[in-house]
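Its first residue numbered 38, the sequence shown is counted upward by one per residue in my numbering. In this text, a Cβ means the ideal position worked out from N, Cα and C, and glycines have one as well. Just so it is clear, the structure is predicted and the values come from calculations on it, not from any experiment. Okay, so here's the structure we're looking at.
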Amino acid sequence: MTIQRNFRKKRTGLVISTKMNKTIVVLETKRVNHPRYGKSVIKYKKYMVHDEKNVSNKGDNVIIMETRPLSKYKRWRLIKKI
Numbered sequence: 038m039t040i041q042r043n044f045r046k047k048r049t050g051l052v053i054s055t056k057m058n059k060t061i062v063v064l065e066t067k068r069v070n071h072p073r074y075g076k077s078v079i080k081y082k083k084y085m086v087h088d089e090k091n092v093s094n095k096g097d098n099v100i101i102m103e104t105r106p107l108s109k110y111k112r113w114r115l116i117k118k119i
């Protein structure tokens, strides 16, 4: 019998900090239209990401996946570097 996992969200972003051990900070940028004026606006979101082997460096593009809470702020883990 196989266990089916729920759908996990995936995001792509830029590594902006690697100062913590096994943790990186990833910045996701999205371009969305303003609801009233229709002008294109850039939105930013930062994620604390678990990097088990400390493989990523500042400036890398990475793919992250949602996971269970690992600490107070970490709810994402590193999948791969692009």
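>> Am I right that Gly50 and Tyr74 are in contact with their C-beta atoms under 8 Å? What's the rounded C-beta distance?
In response: With 8 Å as the limit, Gly50 and Tyr74 do not qualify as a contact, their Cβ atoms being about 26 Å apart.
>> Is it buried or exposed, Leu115, if we count other Cβ atoms within 10 angstroms and call 16 or more buried?
In response: buried
> Does the pairing of the segment 94–103 with the segment 67–82 give three or more beta-carbon distances under 8 Å?
Replying inline: Short answer: they don't touch.
> Between Glu65 and Arg48, is the Cβ-Cβ spacing less than 8 Å?
Replying inline: yes
>> Residues in the same chain with beta-carbon distance under 6 Å from Ile53, minus the five sequence neighbours each way, listed in chain order, please.
In response: Val62 and Leu64
> Can you tell which of Ile40, Lys109, Met38 and Glu89 has the C-alpha that lies nearest to the C-alpha of Thr55?
Replying inline: Glu89
>> Determine whether the beta carbon atoms of Lys111 and Val86 lie at a separation below 8 Å.
In response: Cβ atoms of Lys111 and Val86: closer than 8 Å.
> Quick one: what does DSSP say Ser93 is sitting in, helix, strand or coil?
Replying inline: coil
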